[in-house]
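For reference, the structure discussed in these notes is given below.
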Amino acid sequence: MTNGSRSKIKQLDNDYSRQVASDYQGQKQRVAQVRRRRFVLIVAVFGALMLLFGYQLINTRVSLHQVNREVATSQVKLKRAQQKNGQLETQIKQLNNKDYLQKLLRSKYDYTKSGETVYSLPNDNAADVTAN
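Its first residue numbered 1, the sequence shown is counted upward by one per residue in full-length UniProt numbering.
The following block contains the structure:
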């Protein structure tokens, strides 16, 4: 089988050989068309899945960001409440102290013991009891 023997082979050029060749070409075109349709279908399904998962991912990130914001504001509120609670605890301890309580009553409400006289000077910051 040398190159010379191949040149001796001729293809028949009749109706049957043309019909077989055209059938073969048509079949190749149909296979190519089916493959193109499958490719388009696979790409469409993959694209739809990517859109769906992308939407879910973005929606989840937005929800996470919103929850993180709410957590941050809740933490700020908690710190304020803890500070206020600490201040109130300190006031409770001070109100249980008799010396502090007497000092508070004398300064704020001008409370006096029997027999004491209170002199109010113009520079005093004590407010009048009737003004409150």
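Cβ coordinates follow ideal geometry from the N, Cα and C atoms, glycine included. Quick caveat, the model's predicted, so the values are computed rather than measured.
Distance cut-off 6 Å: residue i Cβ against heavy atoms of the ligand FMN
| i | result |
| --- | --- |
| Lys77 | Looking for the ligand FMN in the displayed structure turns up nothing, as the structure carries no ligands at all. |
Inter-residue Cα distance where the pair is residue i and residue j
| i | j | result |
| --- | --- | --- |
| Arg36 | Gln75 | 57 Å |
| Asn85 | Tyr109 | 25 Å |
| Leu104 | Thr73 | 36 Å |
| Gln29 | Leu12 | 23 Å |
| Tyr24 | Ala44 | 30 Å |
| Gly47 | Val40 | 10 Å |
| Glu70 | Gln102 | 45 Å |
| Thr112 | Arg106 | 6 Å |
| Thr130 | Asn96 | Annotation note: pLDDT 45 at Thr130 (below 50); position unreliable, no value reported. |
| Gln77 | Gln83 | The residue asked about is misnamed: residue 77 is Lys in this sequence, not Gln. Spanning the two alpha carbons is a distance of roughly 10 Å. |
| Glu116 | Glu89 | 33 Å |
| Gly26 | Asn14 | 18 Å |
| Ser22 | Leu49 | 40 Å |
| Gln33 | Gln56 | 34 Å |
Local conformation of residue i per DSSP, three classes
| i | result |
| --- | --- |
| Leu12 | coil |
| Glu116 | coil |
| Ser74 | helix |
| Tyr111 | coil |
| Ser63 | helix |
| Asn96 | coil |
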